[in-house]
Amino acid sequence: MAERTFSIIKPDATRRNLTGKVNAVIEDAGLRIVAQRRIQMTRAQAEKFYEIHKERPFFGELVDFMISAPVVVQVLEGDNAVARYRDVMGATNPANAADGTIRKLYAESVGENSVHGSDSADNAAIEIVQFFKPEEIVG
Ligand code: GDP
Numbered sequence: 002m003a004e005r006t007f008s009i010i011k012p013d014a015t016r017r018n019l020t021g022k023v024n025a026v027i028e029d030a031g032l033r034i035v036a037q038r039r040i041q042m043t044r045a046q047a048e049k050f051y052e053i054h055k056e057r058p059f060f061g062e063l064v065d066f067m068i069s070a071p072v073v074v075q076v077l078e079g080d081n082a083v084a085r086y087r088d089v090m091g092a093t094n095p096a097n098a099a100d101g102t103i104r105k106l107y108a109e110s111v112g113e114n115s116v117h118g119s120d121s122a123d124n125a126a127i128e129i130v131q132f133f134k135p136e137e138i139v140g
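Going by the working numbering, the first residue of the sequence shown is number 2, and it counts up by one from there.
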C-alpha cells in the first residue's frame, strides 16, 4: 500500500555533505522523495518535534544537536514507506545497525545518527504537517 513517511537528514550528515549520498540510499530502496527542503530548525521547532522525549536525559543534548546546523526535511512515498524507511535507516545506535543501512554507512553515534524517520503512519502524518503544506508535497 502506498504510504508516506517523514524524514530528516540530521546536522551531522548535512555538515559532512552527505545529503546526496543519503538520498541515493533512500531512492535505491524504492522510496520517492515527494517533498524536500533544507532548513535551519528553531529551538521551538526542535523541542516540539521531540516533545515525546522531553523527560529523557538526552533531551537537551538532542535539541542542541538538531539546531546545530541545517537539516533537510523530507516526505518519502512508497509501498509500506514507514517500515521500509525504518529498515533503510538501521538501528538507532549505528553500532547495532545492519550493513547497508544509512546509520551503518554514515552515522557517528547514537545521538548523531544522520537520519530521523517516523515510527508509525499516525506519527508520520503528525510530523509532516509540522514542516510541509499539502501543496508542497507532489507525489
Ligand atoms: P529513532 O526512532 O531510531 O530515531 O530513536 P528514538 O526515537 O529512540 O530516539 C530519537 C532520537 O534521540 C535518536 O534518533 C537520537 O538522535 C536521539 N537519541 C536516542 N538515544 C540517545 C542517547 O542515548 N543519547 C543522545 N545524545 N541522543 C539519543
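We put the CB at the ideal spot given by N, CA and C, even for glycine.
No experiment lies behind these values; they were computed from the predicted model shown.
Name the residue from the options whose alpha carbon lies nearest to the alpha carbon of residue i.
i, options, result
"ARG85", "ASP13, THR20, ILE27", "ILE27"
"ARG33", "ILE40, PRO12, MET42, VAL23", "VAL23"
"THR6", "GLN75, TYR107, ALA92", "GLN75"
"ALA122", "VAL83, ALA96, ALA108", "VAL83"
Under 8 Å Cβ to Cβ from residue i, same chain only, skipping five residues before and after it: list those, please.
i, result
"ALA60", "Checking the displayed sequence, the identity of residue 60 turns out to be Phe instead of Ala. Excluding sequence neighbours, PHE60 sits near TYR51, HIS54."
"GLY31", "GLY79, ASP80, ARG85"
"ASP120", "VAL83, ARG87"
Quick one: residues in its chain with C-beta nearer than 7 Å to the C-beta of residue i, no 5 flanking neighbours on either side, listed in chain order?
i, result
"VAL111", "THR93, ASN94"
"HIS117", "SER8, ILE9, LYS11"
"VAL72", "ILE9, ILE10, LYS11, PRO12, THR15, ILE40, MET42"
Taking residue i as part of the beta strand (DSSP E), name the residues at either end of that continuous run.
i, result
"PHE7", "3 to 10"
"GLN37", "33 to 40"
Under the criterion of a Cβ to heavy atom distance below 7 Å, does residue i qualify as lining the ligand SAH?
i, result
"GLU62", "Of the ligands one can find in the structure shown, namely the ligand GDP, none is the ligand SAH."
Note the first and the last residue of the continuous alpha helix (DSSP H) segment covering residue i.
i, result
"ARG17", "Careful: ARG17 lies outside any alpha helix (DSSP H) and carries neither H nor E."
For residue i, which residues in the same chain have their Cβ closer than 6 Å to its Cβ, ignoring the five residues on either side in sequence?
i, result
"GLU137", "ALA36"
Task: In chain order, each alpha helix (DSSP H) run of at least 4 residues that lies wholly inside the stretch 66 to 115 - done: Uninterrupted alpha helix (DSSP H) stretches at least 4 residues long and entirely within the stretch 66 to 115 occur at 82 to 90, 103 to 107, given in chain order.
Open item on the list: Count Cβ pairs between the stretch 130 to 138 and the stretch 34 to 41 that sit closer than 8 Å; are there 3 or more?
Closed with: The stretch 130 to 138 is in contact with the stretch 34 to 41.
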